[in-house]
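Here's the structure we're looking at; comments come further down.
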Amino acid sequence: KTSHGRSVTGHHGRACGVALGVCPELVRAHPKQGCDEQTADAALHRPHRGPRPPDGQRRRRPRLRARLEARRCRRRGDGEGKTNLALDLNDVQSYNEVYGRCNNPYDTSTTPGGSSGGAAAALAAGFTALEFGGDIGGSIRTPAHCCGVFGHKSTFGIIPVGVQDIVVKGPLARAPEDLALALGVLAGSWGPSARGWQLQLPRCPHSKLSDFRVAIWGDDALCPVDKDVRAAVASVTQALRSAGAIVSEEARPDFDAGEVFDLYKQLLAAAENNGLSPEAFDAAVQEAKETEGESTELAKQRCWIVQSHHAWHAAHLKREQLRVAWESFFKDYDVLVTPVCCSDAWPHDPSGTTDQPFWKVGDRVIPGNGLHTVYHRQVFWSGVTNVAFNPSTAFPAGRSEAGLPIGLQAVGAEYADYTTIRFAECLAREAPDLCTFRPPDLGAEHARL
């Protein structure tokens, strides 16, 4: 939507050429075409750009990831700027020494989420009509939840992203229709694969909530949610039943959630550390030896960082079995609705550093009405629903007692991206008091801009 609340699509939902006049922003992880990747790392020689190559080697531009920007430009969307993110894209907050701290526009004492927190904050504040982010552990869905906007984590591989495992790209917007518009612009074959195949995502046949079969997974002992999130789940469940949807609060995919969470963390550790230098990898091996045989989260994380290819491949085969389980589940249900986070937006906590990244900081917690969830546990809801490549759409689902947004997500079968987005569209249309972007009160000065 525009800053005045209108959708970027034209009359009757038709796109305007396809995105004529739309000025989206990109989180800094997305390089503009012909530019270097940006990491907001103050430790680098050039703090706003990626690391310098060894002497005698040319800097390689991340052409594959820049294709997202190039494709958007070809479809007549004009880039407006870039927004802030977490250091090295590895936090559920958005702050760094180069660009500072990004605040939640609903309450500046709280975080907008991460790592695409600047994207969601800019949308909520009306600075931009459309945003793009990346998601490997909730980096689209968590900011959407914290800032009361819509976000879509696409099926793995349908939007250009390079070769990294698990991570995907996707749009954020103030209306679900705009997610569909953006997905149509960004998704598709690219590079050499474009010679052999063209992406044809199936359109959702449903037009109203009563057409949907919905499973609700509203809480779990592995990452309990607080009373505000439970209330949001209950409100959405009631709205779905009132609209005539088929709803089950007992149905679950056929897997052990704890095992899947560990599988996600194992594959995530390999994906996030595949660029370690030989020296850094040797140091990681020594750290793993120090905690060898322990069963702590830190010990497991250290082991996964230096796991052999044989161990990674064994985990990948488990993921293939998990994909089968998800496919079986989605034969009976169109979407699975789950929380995104355990609470509403939490207070800023800058205690994480480059020496103590996300997984190593055991002292940082998310208060959540007294739950005090440690940071690495927070990614349960985003990780379990992401490791097997499924799409999910985050949508607003009311406010907490403190007046902050609460979001949930609709997870779907692989390549059923338009189904999860359509579900959010129908919910927004039939339950507008619940599933609608409501702008923050930024005062009279912002109203005059």
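Residue numbering for the sequence shown follows the working numbering, beginning at 100 and increasing consecutively. For glycine and all other residues, C-beta sits at the position ideal for the given N, C-alpha and C.
Grab me the residues of residue i's own chain with a C-beta within less than 8 Å of its C-beta, minus the 5 sequence neighbours each way, in chain order.
i      : result
Lys430 : none
Tyr514 : Thr254, Ile257, Leu300, Pro301, Pro490
Gly469 : Asp325
Using a Cβ-Cβ distance cut-off of 7 Å, determine whether residue i contacts chain B.
i      : result
Thr254 : Protein chains in the displayed structure number just one, and chain B is not present.
For residue i, does the three-state DSSP call read helix, strand or coil?
i      : result
Lys307 : coil
Glu196 : coil
Asp540 : coil
Leu339 : helix
Leu282 : helix
Gln132 : The predicted position of Gln132 is uncertain, since its pLDDT is 46 and thus under 50; a value taken from the coordinates is nonetheless stated next. In the structure shown, Gln132 sits in coil (DSSP, three-state: anything other than H, G, I, E or B).
Arg240 : helix
Ile404 : helix
Val359 : helix
Leu222 : helix
Thr182 : strand
Glu500 : coil
His251 : strand
Arg422 : helix
Gly506 : strand
Val478 : coil
Ile257 : coil
Phe231 : strand
Ser491 : strand
Leu321 : coil
Ser334 : helix
Pro446 : strand
Under the rule that 16 or more other beta-carbon atoms within 10 Å means buried, what is residue i, buried or exposed?
i      : result
Leu526 : buried
Leu278 : buried
Ala234 : In the sequence as displayed, the identity of residue 234 is Asp instead of Ala. Buried, since its Cβ has 16 or more Cβ neighbours within 10 Å.
Asn485 : buried
Arg340 : exposed
Asp190 : buried
Asn202 : buried
Lys307 : exposed
Phe536 : buried
Phe457 : Its pLDDT being 49, under 50, Phe457 is placed unreliably in this model, and the value from its coordinates should be taken loosely. Buried, by the Cβ-count rule.
Arg294 : exposed
His408 : exposed
Pro304 : exposed
Thr227 : buried
Glu349 : exposed
Ala243 : buried
Val478 : buried
Gln385 : exposed
Pro446 : exposed
Trp558 : Since the displayed the chain opens at 100 and closes at 548, residue 558 lies outside it and no answer follows.
Gly343 : exposed
Leu507 : buried
Glu371 : buried
Ala413 : exposed
If I measure Cβ to Cβ from residue i and keep anything under 6 Å in the same chain, skipping five residues before and after, which residues do I get?
i      : result
Ala543 : Note that Ala543 has pLDDT 46, beneath the 50 cutoff, so the model's placement of it is unreliable and no number is given.
Val473 : Val464
Arg173 : Unreliable placement is indicated for Arg173, whose pLDDT of 49 sits below 50; the coordinate value is still reported in the next sentence. So no residue of the chain qualifies.
Gly467 : Asp325, Cys441, Ser442
Between the options, which has its C-alpha nearest residue i's C-alpha?
i      : options                        : result
Glu529 : Pro291, Asp310, Val405, Leu229 : Asp310
Lys388 : Gln406, Ser450, Gly290, Leu285 : Gln406
Asp443 : Glu426, Arg498, Gly225, Gly290 : Arg498
Trp480 : Ala344, Ala228, Gly237, Phe231 : Gly237
Val510 : Glu391, Ala220, Ala523         : Ala523
Tyr205 : Ser215, Pro504, Ile520         : Pro504
Pro259 : Ala218, Gly283, Gly502, Leu397 : Gly283
Ala330 : Thr519, Val483, Gly213, Thr437 : Thr437
Thr519 : Gly212, Ser450, Lys252         : Lys252
Gly502 : Gly213, Gly247, Gly217, Thr182 : Gly247
Asp319 : Arg200, Leu533, Phe360         : Phe360
Asp264 : Gly374, Leu229, Leu285         : Gly374
Phe488 : Leu470, Asp516, Trp289, Val328 : Asp516
Gly250 : Leu533, Ala218, Val328, Asp540 : Ala218
Val267 : Leu280, Leu285, Glu276, Gly212 : Leu285
Gln365 : Leu541, Arg521, Cys402         : Cys402
Ala379 : Val346, Ile315, His415, Ile404 : Ile404
Identify, in the order they occur along the chain, each residue of the same chain with its Cβ nearer than 7 Å to the Cβ of residue i, setting aside the five sequence neighbours on each side.
i      : result
Gly357 : Leu321
Arg424 : It should be pointed out that residue 424 corresponds to Ala in this sequence rather than to Arg. Within the same chain, Ala424 has close Cβ partners Pro352, Asp353, Phe354.
Arg476 : Cys322
Ala221 : Glu124, Thr182, Thr227, Glu230
With residue i and residue j assumed to form a contact (beta carbons below 8 Å), what rounded beta-carbon distance in angstroms separates them?
i      : j      : result
Ile239 : Gly261 : Incorrect: roughly 17 Å between the Cβ atoms, too far for contact.
Gln400 : Ala368 : 6 Å
Gln192 : Thr207 : Actually they do not touch by this definition, with Cβ atoms about 13 Å apart.
Val313 : Tyr432 : 7 Å
Arg418 : Leu362 : 6 Å
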